[in-house]
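Working notes, beginning with the structure itself.
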Amino acid sequence: MTLPDGTRLTALDDDSRLADVLELDTWAFPTEHAVPDLLGLANPIPWGRAWGIEHEGASGLVGMYGAYSLEAFPVPGAETRCAWLTWVGVHPGHRRRGLLRNMIAHHFAEVRARGEALSVLNAAEAGIYGRFGYGHAAPAMALTVPRGAALREVLGSAELAAEFASWDPEAHGELIAAVHRDAGREPRGIGRPGWATWETPELRAVQEEDPAAMRGGREPLRILVVRDAEGRAQGYARFRRSPDRSGGISDGAVEIRDLVGLSPAAVHRMWSLLLDLDLTSRATIEKIPVDDPILHLLVDPRAARPVVRDLVWVRILDLPAALAERRYAAPVDLVLEVTDALVAENAGRWRVVVDEAFGAARVTRADAAAAPDLSLDIEALGAAHLGAVSLAALAAAGRVEARDPRALAAAAVAWSWPVMAGANWEF
Ligand SMILES: CC(C)(COP(=O)(O)OP(=O)(O)OC[C@H]1O[C@@H](n2cnc3c(N)ncnc32)[C@H](O)[C@@H]1OP(=O)(O)O)[C@@H](O)C(=O)NCCC(=O)NCCS
Numbered sequence: 205m206t207l208p209d210g211t212r213l214t215a216l217d218d219d220s221r222l223a224d225v226l227e228l229d230t231w232a233f234p235t236e237h238a239v240p241d242l243l244g245l246a247n248p249i250p251w252g253r254a255w256g257i258e259h260e261g262a263s264g265l266v267g268m269y270g271a272y273s274l275e276a277f278p279v280p281g282a283e284t285r286c287a288w289l290t291w292v293g294v295h296p297g298h299r300r301r302g303l304l305r306n307m308i309a310h311h312f313a314e315v316r317a318r319g320e321a322l323s324v325l326n327a328a329e330a331g332i333y334g335r336f337g338y339g340h341a342a343p344a345m346a347l348t349v350p351r352g353a354a355l356r357e358v359l360g361s362a363e364l365a366a367e368f369a370s371w372d373p374e375a376h377g378e379l380i381a382a383v384h385r386d387a388g389r390e391p392r393g394i395g396r397p398g399w400a401t402w403e404t405p406e407l408r409a410v411q412e413e414d415p416a417a418m419r420g421g422r423e424p425l426r427i428l429v430v431r432d433a434e435g436r437a438q439g440y441a442r443f444r445r446s447p448d449r450s451g452g453i454s455d456g457a458v459e460i461r462d463l464v465g466l467s468p469a470a471v472h473r474m475w476s477l478l479l480d481l482d483l484t485s486r487a488t489i490e491k492i493p494v495d496d497p498i499l500h501l502l503v504d505p506r507a508a509r510p511v512v513r514d515l516v517w518v519r520i521l522d523l524p525a526a527l528a529e530r531r532y533a534a535p536v537d538l539v540l541e542v543t544d545a546l547v548a549e550n551a552g553r554w555r556v557v558v559d560e561a562f563g564a565a566r567v568t569r570a571d572a573a574a575a576p577d578l579s580l581d582i583e584a585l586g587a588a589h590l591g592a593v594s595l596a597a598l599a600a601a602g603r604v605e606a607r608d609p610r611a612l613a614a615a616a617v618a619w620s621w622p623v624m625a626g627a628n629w630e631f
């Protein structure tokens with residue numbers, strides 16, 4: 205790491221630096237909110253694993269990043285420890301001098317020293333992180349569903365009890381955390397890669413709060429809970445309605461923050477109710493996995509105007525550990541030739557052997573004489589890591605080279621996963 209002259213890295217260990225962090229954050233991410241207003245909110249800064257850059261000519265911070273330590277990040281067929289890179293920002297007056305590149309180098313060294321195999325993130329702009337070896341591994345979809353859109357029938361939907369309530373973290377926090385976690389583990393042993401839960405107290409706090417200052421004219425957060433005959437929660441949706449009566453015409457939206465069901469009936473029931481609220485013309489949701497059940501319930505999914513974008517980016521920092529942590533959809537035996545400009549330990553030839561469907565891999569250094577089946581950069585391997593981006597699709601874009609099309613097909617099947625990687629929140 206070679207920081208520009210006059211700058212130095214400093215550990216951000218506690219909230220005595222909160223005002224400095226928020227000052228820099230509001231420079232990096234423009235907002236209508238002034239720092240004093242933000243001080244009182246839940247600010248999920250991973251103190252102790254956050255770092256700032258100070259400049260001798262400036263007070264406060266000119267750069268910063270942090271990392272959440274996740275213990276159970278879902279990868280195909282397993283949960284693993286990982287670092288979640290976050291709070292990345294550089295002051296506009298100090299951009300493009302290599303501060304981010306230096307912070308990334310520091311982060312990678314720290315992650316490897318802690319024995320974590322992956323760094324994951326949500327990107328503010330999609331063009332930033334590929335150069336550091338992060339691959340886009342899980343997309344998200346946004347929908348705008350017209351009020352009253354027809355859904356296919358699902359048996360049992362009408363029998364579920366439904367309750368609308370005002371969102372109350374005390375009353376609903378545990379319930380939604382449990383439903384959210386369980387939904388990501390279905391079907392058992394398979395699960396949804398990338399479906400991170402609010403593991404740390406900071407993340408839990410920020411996803412529970414609903415500060416009036418952040419509502420932008422919309423109503424306070426509401427919740428809809430559906431239960432089975434035994435009273436067990438089968439799903440929840442958090443939403444708020446944004447009123448719009450311009451020209452005397454009611455044209456409000458139901459803005460769904462998250463909607464998670466444990467059964468087809470629960471998903472059907474919640475969407476049916478939210479698509480039938482008075483004084484609204486549509487329901488919107490910003491982040492759902494691209495195989496979310498609503499897409500298969502809508503009779504006319506095109507009318508929901510799906511928009512897909514990148515959501516989860518994965519950087520493999522310890523290749524043999526990362527490949528051994530996940531499971532594979534099919535048996536495979538091949539040699540990968542990997543390039544990695546930033547982590548020399550990952551580069552070279554690796555043999556990956558999986559004996560059975562949904563099994564783990566043995567990952568060993570391959571003999572230099574072993575002909576590689578696939579050649580790819582660590583960025584492409586990161587993109588394929590959650591099973592949602594096909595190695596064959598990456599090959600079609602020239603990001604994977606294959607010796608033999610059948611080896612490529614076998615690898616693409618093995619690296620794939622039955623449930624699409626995705627998440628319904630970001631930070
Ligand atoms: C994005 C940001 C952190 C970059 O910081 P920086 O110190 O200017 O970055 P560096 O000087 O280390 O640049 C490293 C490389 O990334 C590139 N880069 C930086 N920001 C980029 C962006 N927004 N889009 C595309 N490329 C970008 C640089 O051109 C440089 O490329 P090179 O190494 O090929 O020459 C900073 O511009 C910022 O804070 N932006 C607003 C907030 C934000 O987007 N944060 C990221 C949150 S995920």
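If you count the sequence shown from 1, you need to add 204 to reach the numbering used here.
Here a beta-carbon is modelled for each residue, glycine too, at the ideal position from N, C-alpha and C.
Here the structure is a predicted model, which means the values were calculated and not measured.
query                                                                                                                                                                  : result
Return the chain-ordered list of same chain residues with a C-beta closer than 7 Å to the C-beta of W251, the five sequence neighbours on each side being excluded.    : L216, D217, D218 and D219
Buried or exposed, going by whether 16 or more other CB atoms sit within 10 Å of the CB of T484?                                                                       : buried
Which runs of the beta strand (DSSP E) at least 3 residues long sit entirely within the stretch 311-393? Give them in chain order.                                     : 322-325, 339-350 and 365-370
Tell me, to the nearest whole angstrom, how far the beta carbon of A625 is from that of P397; I am working on the premise that it is less than 8 Å.                    : 4 Å
In whole angstroms, what is the alpha-carbon distance linking A573 and R519?                                                                                           : 28 Å
Does the distance from the CB of V349 to the CB of T214 come in under 9 Å?                                                                                             : no
What's the C-alpha gap between I257 and A599?                                                                                                                          : 39 Å
Does the beta carbon of I332 fall short of 8 Å from some heavy atom of ligand 1?                                                                                       : yes
May I ask which residues mark the beginning and end of the alpha helix (DSSP H) holding A525?                                                                          : L523 to E529
Cβ of E329 versus every heavy atom of ligand 1: is any distance shorter than 8 Å?                                                                                      : yes
Tell me the start and end of each unbroken beta strand (DSSP E) in the stretch 463-521 that is at least 3 residues and wholly inside, in chain order.                  : 484-492 and 511-520
For I460, count neighbouring C-beta atoms within 10 Å of its own C-beta (all shown protein chains included) and say buried if the count is 16 or more, exposed if not. : buried
From the DSSP secondary-structure annotation, give me the bridge partner or partners of P278.                                                                          : E283
Taking I308 as the reference, give the member of C286, E283, A330 and Y338 with the closest Cα.                                                                        : Y338
Look at the alpha carbon of A441 and the alpha carbon of R253, and state the distance between them as a whole number of angstroms.                                     : 32 Å
My output table needs one value for I453: the three-state DSSP class, helix, strand or coil.                                                                           : coil
Is A232 near ligand 1, in the sense that its beta carbon is under 8 Å from a heavy atom of that ligand?                                                                : yes
Expressed to the nearest angstrom, what Euclidean distance is found between the alpha-carbon atoms of S361 and I380?                                                   : 20 Å
Flag this pair as touching only if the stretch 497-514 and the stretch 585-600 have three or more C-beta atom pairs under 8 Å; answer yes or no.                       : no
Please state if the CB of L538 and the CB of L578 are separated by a distance shorter than 9 Å.                                                                        : yes
Just confirm the distance between the C-beta atoms of A528 and A564, as a whole number of angstroms; I'd bet it's less than 8 Å.                                       : 6 Å
How far does the beta strand (DSSP E) with W554 in it reach, from first residue to last?                                                                               : G552 to V558
Around the C-beta of L243, are 16 or more other C-beta atoms found within 10 angstroms, so that it is buried, or is it exposed?                                        : exposed
Can you list, in chain order, the residues of its chain whose CB lies under 6 Å from that of T211, leaving out five sequence neighbours each side?                     : I257 and H259
Does the beta-carbon distance from E632 to A287 come in below 9 Å?                                                                                                     : Outside the shown range of the chain (205 to 631) lies residue 632, about which nothing can therefore be said.
Relative to ligand 1, is the shortest distance from any of its heavy atoms to the C-beta of H298 smaller than 8 Å?                                                     : yes
Determine, using beta-carbon pairs with one atom in the stretch 323-333 and one in the stretch 510-519, whether at least three such pairs fall under 8 Å.              : yes
Using a Cβ-Cβ cutoff of less than 7 Å, which residues in the same chain neighbour V556 once the five nearest sequence positions on both sides are dropped?             : L527, V536, L538, L540, A565 and V567
Using DSSP with H/G/I as helix, E/B as strand and the rest coil, what is S594?                                                                                         : coil
Considering only heavy atoms of ligand 1, does any lie closer than 8 Å to the CB of G302?                                                                              : yes
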